[in-house]
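Participant:
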Amino acid sequence: MSETKFITLEQARRDNRSLLRMAVEAATRAAKALTLHQDLPGIYVNEPREYTSEWLGKSIEIHTKAIKGDPTLTAEQRADYLQRWRNIKKAALRHIDTIQHFVHEWPEIEWLRGSDGLFYVDDEELDRISEARATLPVPVIIQEQWQRLTNVLEELRRVRQWEADNGLMHPELRTISSMQENTFYDNALSSRLSAVAERYRQRQEQRLQTHLNII
Numbered sequence: 000m001s002e003t004k005f006i007t008l009e010q011a012r013r014d015n016r017s018l019l020r021m022a023v024e025a026a027t028r029a030a031k032a033l034t035l036h037q038d039l040p041g042i043y044v045n046e047p048r049e050y051t052s053e054w055l056g057k058s059i060e061i062h063t064k065a066i067k068g069d070p071t072l073t074a075e076q077r078a079d080y081l082q083r084w085r086n087i088k089k090a091a092l093r094h095i096d097t098i099q100h101f102v103h104e105w106p107e108i109e110w111l112r113g114s115d116g117l118f119y120v121d122d123e124e125l126d127r128i129s130e131a132r133a134t135l136p137v138p139v140i141i142q143e144q145w146q147r148l149t150n151v152l153e154e155l156r157r158v159r160q161w162e163a164d165n166g167l168m169h170p171e172l173r174t175i176s177s178m179q180e181n182t183f184y185d186n187a188l189s190s191r192l193s194a195v196a197e198r199y200r201q202r203q204e205q206r207l208q209t210h211l212n213i214i
């Protein structure tokens with residue numbers, strides 16, 4: 000069994016890197032907003048993919064339950080506090096959607112965490128994933144096509160060398176592709192570029208001279 004060949008499509012690699020960089024920038028901004036949020040425990044997650052709607056719901060529920068169960072609050076205060084948490088949830092969900100969309104599209108990404116507690120992706124990771132996604136196996140039929148083409152080219156090189164060695168004309172392939180055999184012979188023997196045609200003409204002239212001498 001022949002070994003599978005792979006090729007990295009350069010345009011795809013460049014396109015992947017451009018898309019990935021934009022996606023990473025959006026996802027890291029969203030992760031930063033959640034990590035640094037003073038009212039959410041975002042600093043305690045291990046990686047951005049842990050920022051989910053379930054995580055957010057549990058984080059906020061602790062506070063909303065406390066508000067609802069606090070007998071010292073007036074109804075107006077309770078409604079005001081709950082609305083504030085709804086606003087926090089709405090804003091946080093936008094960041095979570097950004098992160099989860101990124102995780103879905105680029106699940107193989109490896110995040111790093113800096114000394115400041117913020118998540119980031121380094122350039123080597125961008126290069127690795129961009130190249131990996133642009134690297135594809137070459138179909139066997141395409142490999143066979145290439146081999147057949149190179150075989151044809153090699154045979155053409157041998158033909159041209161043989162023509163040169165024997166002083167023959169070098170007909171263009173596009174000319175002979177639709178040419179009949181007799182037409183080819185006619186052109187070859189009529190050509191002033193062919194050594195064979197020249198020898199043919201010399202023989203014809205010699206025969207004609209001999210005929211004239213006999214007469």
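By numbering that gives the first Met the number 0, the letter at position 52 of the sequence shown is numbered 51, and the numbering carries on one by one without gaps. Where a beta carbon is used, it is the ideal one built from N, C-alpha and C, also for glycine. Given the structure is predicted, the values throughout are model-derived calculations rather than measurements.
#1: From residue 40 to residue 58, what does the alpha carbon distance come to, in whole angstroms?
#2: Go through its chain and collect everything with a Cβ distance to residue 220's Cβ below 7 Å, but skip five positions before and after it.
#3: For the beta strand (DSSP E) containing residue 7, list its first residue and its last residue.
#4: Could you check the C-alpha separation between residue 92 and residue 81 for me, to the nearest Å?
#5: For the beta strand (DSSP E) that residue 81 lies in, which residues bound it at each end?
#6: In the DSSP assignment, find the beta strand (DSSP E) that holds residue 167 and state where it starts and stops.
#7: Could you give the C-beta distance for residue 12 and residue 130, rounded to a whole number, given that I count them as a contact under 8 Å?
#8: Does the distance from the C-beta atom of residue 98 to that of residue 55 stay below 8 Å?
#9: Name the two residues that bound the continuous alpha helix (DSSP H) containing residue 63.
#10: In or out: residue 47 buried (at least 16 other Cβ within 10 Å) or exposed?
#11: On the DSSP bridge list, what partners appear for residue 136?
#12: Residue 88: which of 63, 103, 102 sits nearest, CA to CA?
#13: Within the chosen definition, does the stretch 100-107 reach the stretch 16-28 through at least 3 CB pairs nearer than 8 Å?
#14: Whole angstroms is fine: what's the gap from residue 231's alpha carbon to residue 183's?
#15: Could you have a look at residue 117 and say whether DSSP puts it in helix, strand or coil?
#16: Cα separation between residue 162 and residue 4?
#17: Mapping DSSP to helix, strand and coil, what is residue 35?
#18: Have a look at residue 176 and residue 6 and give me their C-alpha separation to the nearest angstrom.
#19: Measuring only the C-alpha atoms, how far is residue 143 from residue 133?
Facilitator: Let me lay it out:
#1: 7 Å
#2: Residue coverage of the chain in this structure runs from 0 to 214, which leaves residue 220 outside it and unanswerable.
#3: 5-7
#4: 16 Å
#5: That residue, residue 81, is in no beta strand (DSSP E); its alpha helix (DSSP H) goes 74-104.
#6: No beta strand (DSSP E) holds residue 167; DSSP gives it neither H nor E.
#7: 5 Å
#8: no
#9: 52-68
#10: buried
#11: 5
#12: 63
#13: yes
#14: With the chain covering only 0 through 214, there is no way to say anything about residue 231.
#15: coil
#16: 37 Å
#17: coil
#18: 34 Å
#19: 22 Å
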